[in-house]
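Residue numbers are given in our numbering: position 130 of the sequence shown equals residue 1342, and the series is strictly consecutive. Every residue gets a Cβ at the ideal spot worked out from N, C-alpha and C, and that includes glycine. Note that this is a predicted model, so its numbers are computed, not measured.
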Amino acid sequence: MKVIKDIKALQNISDYFRATIKTIGFVPTMGYLHDGHTSLLQKARMDSEVVVVSIFVNPTQFLPHEDYNEYPRDFLRDYHICKNYGVDYIFYPDMKSVYPDDFLTEVRVKEISDRLEGIYRPGHFVGVTTIVTKLINIVKPHYIYLGQKDAQQSIILKKMCEDLNIDTEIKICPTIREKTGLALSSRNIYLTDEQKTEATVLYEALNEGKKMILDYKVVDTDSVKKYVSNYIARKSKNIKLQYFAITDSYLMNEIENLKNYKGDVVLSLAAFIGKTRLIDNIFFNYTN
Ligand code: AMP
């Protein structure tokens, strides 16, 4: 396994593999790897001849008041994890090489970026789509592996690749959870043990929402939203729900009534527990 810091060097390596018809699988991350990330490494390892992981805490996707400075970082730990999972290259660039002083460009996927997470984290997705475009141009992957955990991010990146004819296939992989149901996240280290226990209510609430729709055949999504919000309030004193949404899985448009709806439904939410903001979601297929 090699660690590459230089952009041009990695582009040359990628050109070589593309020219020799070797498939490149890419897993973009902000490091502090956990089993959610390693599930993506495993998928990439199974599908591709060359596996590239990037480790870069991207400042432009954090809002000024967010946790960019506190975000956990441990390159040595990540290095050993990548090595154990058979990664071929870690791309670990310096800030200045990614964002030189005269950097001016932004990539923005309209509409989807402004809803749900975009309402509470304005500008976040522009940071994501811009850095991922850069990473794609550096790694030149055939496949990119993303977690369903960040559903809106994955959906936006899929749309971006479709709209910009980017020759990379996005593969969205299932959310890895603790046995309790809590979705793994690098940010879970901010939680105390009690908060971790309390946070399991979020996944429970998503499943309660799904049950209302699939088992109890509730089609009016406002009723489902009210039920889920009350469920969380009832089960936990310390969780503050920021939003709970019921959307489609293509553009994440809100579904008002499921009566005439067919296709994938995404239930997604964001909530604060103490100062930590957590997101989670579930997908399921809906036919009337
Ligand atoms: P991050 O390091 O948080 O930027 O995440 C890098 C990638 O790992 C993203 O595609 C995430 O969606 C994915 N990821 C994060 N947590 C999980 C999880 N619990 N299960 C599956 N994928 C995840």
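Query raised in the report: Mapping DSSP to helix, strand and coil, what is Ile1485?
Result: Taking the first residue of the sequence shown as 1, we reach residue 1485 at position 273. Of the three classes helix, strand and coil, the one that applies to Ile1485 here is strand, per DSSP.
Requested in this report: Over the uninterrupted beta strand (DSSP E) stretch that includes Lys1214, give me the two end residues.
Outcome: The sequence position of residue 1214 within the sequence shown is 2, counting from 1. Element bounds for Lys1214: 1214–1216.
**Report entry** Inter-residue spacing [alpha-carbon to alpha-carbon] between Pro1271 and Asn1472
**Finding:** Here the question's residue 1271 lines up with position 59 in the sequence shown. Here the question's residue 1472 lines up with position 260 in the sequence shown. Using only the alpha carbons, I get a separation of about 42 angstroms.
Query - Euclidean distance between Cα positions of Asp1300 and Val1263 - result: The count along the sequence shown starts at 1 and reaches residue 1300 at position 88. The count along the sequence shown starts at 1 and reaches residue 1263 at position 51. Taking the straight line from one Cα to the other gives about 5 angstroms.
Query raised in the report: Quick one: what does DSSP say Asp1247 is sitting in, helix, strand or coil?
Result: The residue given as residue 1247 occupies position 35 in the sequence shown. Note: Asp1247 maps to helix in three-state DSSP.
Query - Short Cβ contact (9 angstroms threshold) for Ser1480 with Ala1457 - result: As a working note, residue 1480 is residue 268 in the sequence shown. As a working note, residue 1457 is residue 245 in the sequence shown. Against a cut-off of 9 angstroms, the Cβ pair of Ala1457 and Ser1480 comes out as a contact.
Query raised in the report: Alpha carbon to alpha carbon, how far is Asp1290 from Asp1362?
Result: As a working mapping, residue 1290 is identified with position 78 in the sequence shown. As a working mapping, residue 1362 is identified with position 150 in the sequence shown. So the alpha carbons of these two residues sit roughly 20 angstroms apart.
Query raised in the report: Which residues share a DSSP beta bridge with Ser1266?
Result: Taking the first residue of the sequence shown as position 1, residue 1266 is located at position 54. Checking the DSSP bridge columns, you'll see Ser1266 partnered with Pro1240, Phe1303.
Requested in this report: Please go through the same chain and pick out, in chain order, the residues whose beta-carbon is closer than 7 angstroms to the beta-carbon of Val1436, but skip the five residues on each side of it.
Outcome: Position 224 of the sequence shown, counting from 1, holds the residue named residue 1436. Result list for Val1436: Gly1421, Met1424, Ile1425, Val1430, Ile1458, in chain order.
Query raised in the report: If you drop the 5 nearest sequence neighbours on each side, which residues of the same chain put their C-beta closer than 6 angstroms to that of Thr1392?
Result: Position 180 of the sequence shown, counted from the first residue, corresponds to residue 1392. The residues are Thr1412.
Query - Top-ranked residue by Cα proximity to Ile1382, from Lys1370, Gly1298, Arg1399 - result: Residue numbering aside, residue 1382 sits at position 170 when the sequence shown is read from its first letter. Among Lys1370, Gly1298, Arg1399, the Cα nearest to that of Ile1382 belongs to Lys1370.
Query raised in the report: Which residues mark the beginning and the end of the alpha helix (DSSP H) in which Lys1371 is found?
Result: In the sequence shown, counting from the first residue as 1, residue 1371 sits at position 159. Per DSSP, Lys1371 belongs to the alpha helix (DSSP H) from 1363–1375.
Query raised in the report: Using 8 angstroms as the Cβ pair cut-off and three pairs as the minimum, do the segment 1265–1279 and the segment 1337–1347 touch?
Result: yes
Query raised in the report: Would the segment 1301–1319 and the segment 1245–1257 be scored as touching if the rule is three or more Cβ pairs under 8 angstroms?
Result: no
Query raised in the report: How about Leu1463 and Ile1324: are their beta carbons less than 9 angstroms apart?
Result: As a first step, residue 1463 must be located in the sequence shown, where it is residue number 251. As a first step, residue 1324 must be located in the sequence shown, where it is residue number 112. Going by C-beta atoms, Leu1463 is nearer than 9 angstroms to Ile1324.
Requested in this report: Alpha carbon to alpha carbon, how far is Asp1279 from Tyr1402? Give it in angstroms, no decimals.
Outcome: To locate residue 1402, count along the sequence shown from 1; it is residue 190. To locate residue 1279, count along the sequence shown from 1; it is residue 67. C-alpha separation (whole angstroms): 11 angstroms.
**Report entry** DSSP state of Leu1396 mapped onto helix, strand, coil
**Finding:** Translated into positions along the sequence shown, residue 1396 becomes position 184. Correct three-state label for Leu1396: coil.
Query raised in the report: Considering only residues of the same chain and omitting the five flanking positions on each side of Arg1320, which have a CB-CB separation below 7 angstroms?
Result: Here residue 1320 refers to the residue found at position 108 when the sequence shown is read from its first residue. These residues qualify, in order along the chain: Val1338, Thr1341.
Requested in this report: Just mark Glu1282 as buried or exposed, buried being the case when its beta carbon has 16 or more other beta carbons within 10 Å.
Outcome: Here the question's residue 1282 lines up with position 70 in the sequence shown. It is exposed - the Cβ of Glu1282 has fewer than 16 other Cβ atoms within 10 Å.
Query raised in the report: Comparing the C-beta of Leu1403 with each C-beta of chain C, is any distance below 9 angstroms?
Result: The structure shown contains no chain C; it holds only a single protein chain.
Query raised in the report: Tell me which same chain residues have a C-beta within less than 6 angstroms of the C-beta of Val1215, skipping the five on either side of it?
Result: Reading the sequence shown from its first residue, position 3 is the one you call residue 1215. Ile1302, Tyr1304.
**Report entry** Proximal residues to Ser1226 (C-beta, below 7 angstroms), its chain only, five neighbours per side dropped
**Finding:** Translated into the one-based positions of the sequence shown, residue 1226 becomes position 14. So the qualifying residues of the chain are Ile1236, Val1351, Lys1352.
Requested in this report: Measuring alpha carbon to alpha carbon, tell me which of Asp1460, Thr1380, Leu1453, Ala1221 ends up nearest Gly1486.
Outcome: Mapped onto the sequence shown, residue 1486 falls at position 274. Considering only alpha carbons, the answer is Leu1453.
Query raised in the report: How many Å lie between Ala1417 and Ile1219 at the Cα?
Result: Taking the sequence shown and counting its residues from 1, one reaches residue 1417 at position 205. Taking the sequence shown and counting its residues from 1, one reaches residue 1219 at position 7. Between Ala1417 and Ile1219, the C-alpha separation is close to 44 angstroms.
Requested in this report: Report whether the distance from the Cβ of Gln1407 to the nearest heavy atom of the ligand GTP is below 8 angstroms.
Outcome: Annotation note on the ligand GTP: not contained in the displayed structure, which lists the ligand AMP as its ligands.
Query - Collapsed DSSP secondary structure at Gly1421 in the structure displayed - result: Walking along the sequence shown from the start, residue 1421 turns up at place 209. Helix.
**Report entry** Straight-line gap, Ser1397 to Phe1495 (C-alpha atoms, nearest Å)
**Finding:** One-based indexing of the sequence shown puts residue 1397 at position 185. One-based indexing of the sequence shown puts residue 1495 at position 283. Going from the Cα of Ser1397 to the Cα of Phe1495 covers about 18 angstroms.
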